[in-house]
Amino acid sequence: MDHIELSLTQSLDHCIKCNICTSACPVAAVTDVFPGPKYVGPQAQRFRHAAQPVPDASVDYCSGCRVCNQVCPTGVRIAELNARARAQIVAERGMPLRNRIIARSGLVGRLSSGPHAPLVNFTLNFAPARWIIERVMGIHRHAPLPKASTYTFRRWFKRRKPATNGRRPQVVYFHGCSTNYYEPHVGKAAIAVLEHLGFEVIVPPQRCCGLPLLSNGDFPAAQSHHEYNVAQLLPYARAGIPIVGTSTSCTLTLKEEAPELLGLHGDDIRAVAAGTYDIFEFLRDLHQQGRLRTDFRPIERELPYHPPCQLRAHRIGRPVLDVLGLIPGLRLRESRAECCGIAGTYGLKREKYQIAMDVGKPLFDFVRASGQDLALCDSETCRWQISGATGVATRHPIEILAEAYGLSV
33 MDHIELSLTQ SLDHCIKCNI CTSACPVAAV TDVFPGPKYV GPQAQRFRHA
83 AQPVPDASVD YCSGCRVCNQ VCPTGVRIAE LNARARAQIV AERGMPLRNR
133 IIARSGLVGR LSSGPHAPLV NFTLNFAPAR WIIERVMGIH RHAPLPKAST
183 YTFRRWFKRR KPATNGRRPQ VVYFHGCSTN YYEPHVGKAA IAVLEHLGFE
233 VIVPPQRCCG LPLLSNGDFP AAQSHHEYNV AQLLPYARAG IPIVGTSTSC
283 TLTLKEEAPE LLGLHGDDIR AVAAGTYDIF EFLRDLHQQG RLRTDFRPIE
333 RELPYHPPCQ LRAHRIGRPV LDVLGLIPGL RLRESRAECC GIAGTYGLKR
383 EKYQIAMDVG KPLFDFVRAS GQDLALCDSE TCRWQISGAT GVATRHPIEI
433 LAEAYGLSV
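Here the sequence shown stands for residues 33 to 441, where the numbers follow my numbering.
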């Protein structure tokens, strides 16, 4: 038993069977196929053993939102127990082709983006094609799929003329798959803001953070991705150069999700984790140090804002509210919904699509009730889910900050 498995097993003894996790679980609230975190987590874990078959495959219906971890009064690491149990199922039974494909975000992005992106987007919005994909692949015909970009963020970054203004402090940008292949405008806004604040931005080679692989139980592939990213980021972390990301899921994976689930706790892993920040966490730190420019243009708007599960799992509060609250005239209404339901690739799957929509209903109702034509969220998959369910456009908060600075992106 590795040390992370031992740590998780020992945490079972702290479960007091209070059922708070089950009461708070957004998935258990909308479906009976998932009996709840307590049952598939600490309770079922006592029956799991490497030499025995998995006792209950319903753990695969855990979305990994981590709400259970947040509410557990004794600190049982339920989400990690469930993720490891899912990986055991995959090790025993193999991974379905659908999961193998959608877990490889970088590969899918590379195949989708580029000059042929309009054809890809047309096909994925063509109802008969989606029906066939659902029948053959098991990806629900109405699940929100992002529009591929005709160019990648990395291609744009390499071709641009960087800001040069003497010696500037440096910052590393981890863009992730979504920004590179689907939403380059988010990365462009981040670069514009960071350069406006006087930073030289470095974009090193990087792979997918590995979260989709972890979520689908392919731990060996996730470990390969994480170790590659650590090797690329380590020189900067060792030099004290901060690593920031606009995907709150990617930054959480670099900080703790991959190290905890994979049992990777060497000095290099810890150095990268300690040097990684969600971008608004970084900007809030700058403000607290008196280094954040506040030459904002007023934005007279009231916008709904959803702090996604992955952001809340950082345990850093609501840095978006702290930073965007400095913009004159801008008012943000925070969603109290637990989850949008999509959970990365979870809501794409035919058998889980309706569960995801039912989980996200309180959020969708909140966005519609706001009466606004725009909503904000830190997570790309949450943004796609919100727009797909409500028809309301969504943006990353960094885009609003760039607008307030008067930056053209």
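Heads up, the beta-carbon is just placed ideally off N, CA and C, and yes, glycines get one too. These numbers were taken from a predicted model, which means no experiment stands behind them.
Inter-residue CB distance, residue i and residue j (contact presumed, cutoff 8 Å)
{"i": "Val-103", "j": "Ala-56", "result": "5 Å"}
{"i": "Ile-275", "j": "Val-391", "result": "About 31 Å; that fails the 8 Å criterion."}
{"i": "Ile-331", "j": "Leu-362", "result": "5 Å"}
{"i": "Arg-400", "j": "Asp-354", "result": "Going by Cβ atoms, the distance from Arg-400 to Asp-354 rounds to 27 Å, so no, they are not a contact pair."}
{"i": "Phe-328", "j": "Leu-364", "result": "Actually they do not touch by this definition, with Cβ atoms about 14 Å apart."}
{"i": "Thr-280", "j": "Gln-342", "result": "5 Å"}
{"i": "Val-72", "j": "Cys-94", "result": "6 Å"}
{"i": "Arg-350", "j": "Pro-340", "result": "11 Å between Cβ atoms; not a contact."}
{"i": "Pro-176", "j": "Gly-420", "result": "3 Å"}
{"i": "Cys-409", "j": "Ile-374", "result": "With 8 Å as the limit, Cys-409 and Ile-374 do not qualify as a contact, their Cβ atoms being about 11 Å apart."}
{"i": "Arg-473", "j": "His-217", "result": "There is simply no residue 473 to check, as the chain begins at 33 and stops at 441 in what is shown."}
Nearest-angstrom Cα separation, counted from residue j out to residue i
{"i": "Arg-270", "j": "Ser-402", "result": "45 Å"}
{"i": "Pro-105", "j": "Ala-345", "result": "15 Å"}
{"i": "Met-33", "j": "Arg-302", "result": "Unreliable positioning characterises Met-33 in this predicted model, as indicated by a pLDDT of 48, which lies under 50. The coordinate reading is nonetheless provided below. Their Cα atoms are separated by approximately 22 Å."}
{"i": "Gln-77", "j": "Leu-113", "result": "7 Å"}
{"i": "Val-65", "j": "Ser-137", "result": "27 Å"}
{"i": "Arg-368", "j": "Arg-347", "result": "16 Å"}
{"i": "His-428", "j": "Pro-394", "result": "20 Å"}
{"i": "Asp-310", "j": "Ala-436", "result": "20 Å"}
{"i": "Ala-61", "j": "Ala-221", "result": "38 Å"}
{"i": "Asn-153", "j": "Glu-232", "result": "34 Å"}
{"i": "Ser-43", "j": "Pro-360", "result": "47 Å"}
{"i": "Ala-407", "j": "Ile-121", "result": "38 Å"}
{"i": "Thr-283", "j": "Gly-376", "result": "14 Å"}
{"i": "Asn-248", "j": "Gly-322", "result": "42 Å"}
{"i": "His-174", "j": "Ala-161", "result": "12 Å"}
{"i": "Trp-416", "j": "Ala-159", "result": "18 Å"}
{"i": "Glu-166", "j": "Thr-326", "result": "49 Å"}
{"i": "Met-169", "j": "Leu-296", "result": "33 Å"}
{"i": "Ala-135", "j": "Leu-156", "result": "18 Å"}
{"i": "Val-441", "j": "Glu-412", "result": "18 Å"}
{"i": "Pro-267", "j": "Glu-215", "result": "27 Å"}
{"i": "Arg-192", "j": "Val-225", "result": "15 Å"}
{"i": "Glu-124", "j": "Leu-265", "result": "34 Å"}
Which listed residue (the options) has its alpha carbon closest to that of residue i
{"i": "Pro-237", "options": "Val-140, Arg-316, Phe-206", "result": "Phe-206"}
{"i": "Leu-433", "options": "Leu-356, Ser-440, Gln-417", "result": "Leu-356"}
{"i": "Phe-185", "options": "Ser-145, Val-424, Glu-435", "result": "Ser-145"}
{"i": "Arg-382", "options": "Arg-116, Ser-90, Trp-163, Cys-100", "result": "Trp-163"}
{"i": "Glu-334", "options": "Pro-201, Leu-318, Glu-366", "result": "Glu-366"}
{"i": "Tyr-260", "options": "Ser-247, Val-304, Asp-250, Pro-128", "result": "Val-304"}
{"i": "Pro-336", "options": "Ser-95, Val-424, Lys-393", "result": "Val-424"}
{"i": "Ala-253", "options": "Leu-406, Ala-149, Ala-117, Leu-294", "result": "Leu-294"}
{"i": "Asn-131", "options": "Phe-189, Gln-120, Ser-43, Pro-244", "result": "Pro-244"}
{"i": "Cys-47", "options": "Phe-189, Glu-215, Gln-75", "result": "Gln-75"}
{"i": "Pro-194", "options": "Val-235, Leu-177, Pro-176, Ile-165", "result": "Val-235"}
{"i": "Gly-219", "options": "Arg-200, Lys-190, Ala-175, Pro-201", "result": "Lys-190"}
{"i": "Thr-182", "options": "Pro-201, Thr-211, Glu-288, Arg-192", "result": "Thr-211"}
{"i": "Thr-308", "options": "Ala-119, Gly-272, His-297", "result": "Gly-272"}
{"i": "Gln-255", "options": "Tyr-268, Leu-226, Leu-129, Glu-288", "result": "Glu-288"}
{"i": "Val-108", "options": "Lys-70, Glu-313, Leu-151", "result": "Lys-70"}
{"i": "Arg-80", "options": "Arg-116, Asn-101, Leu-265, Pro-67", "result": "Arg-116"}
{"i": "Arg-199", "options": "Leu-143, Glu-227, Pro-178, Tyr-213", "result": "Glu-227"}
Whether residue i touches residue j by CB criterion (8 Å)
{"i": "Pro-110", "j": "Cys-50", "result": "The amino acid at residue 110 is misidentified as Pro; the sequence shows Ile. No. Outside cutoff."}
{"i": "Gly-141", "j": "Cys-241", "result": "no"}
{"i": "Leu-229", "j": "Leu-324", "result": "yes"}
{"i": "Pro-58", "j": "Val-91", "result": "no"}
{"i": "Thr-426", "j": "Phe-396", "result": "no"}
{"i": "Asp-299", "j": "Val-262", "result": "no"}
{"i": "Ile-171", "j": "Leu-380", "result": "yes"}
{"i": "Cys-372", "j": "Ile-430", "result": "no"}
{"i": "Ala-290", "j": "Leu-246", "result": "yes"}
{"i": "Met-127", "j": "Asp-45", "result": "no"}
{"i": "Val-352", "j": "Phe-398", "result": "no"}
Boundaries (first-last residue) of the beta strand (DSSP E) holding residue i
{"i": "Val-91", "result": "Where Val-91 is concerned, there is no enclosing beta strand (DSSP E), given that its DSSP letter is neither H nor E."}
{"i": "His-338", "result": "333-338"}
{"i": "Thr-426", "result": "425-427"}
{"i": "Phe-206", "result": "202-206"}
{"i": "Ile-275", "result": "275-277"}
{"i": "Leu-364", "result": "362-366"}
Residue range of the unbroken alpha helix (DSSP H) whose run includes residue i
{"i": "Leu-151", "result": "149-156"}
{"i": "Glu-227", "result": "216-228"}
{"i": "Leu-266", "result": "251-270"}
{"i": "Asp-410", "result": "Unbroken run through Asp-410: none, as it is neither H nor E."}
{"i": "Asp-354", "result": "351-356"}
{"i": "Arg-347", "result": "Note, Arg-347: premise wrong, no alpha helix (DSSP H); not H, not E."}
{"i": "Tyr-385", "result": "385-402"}
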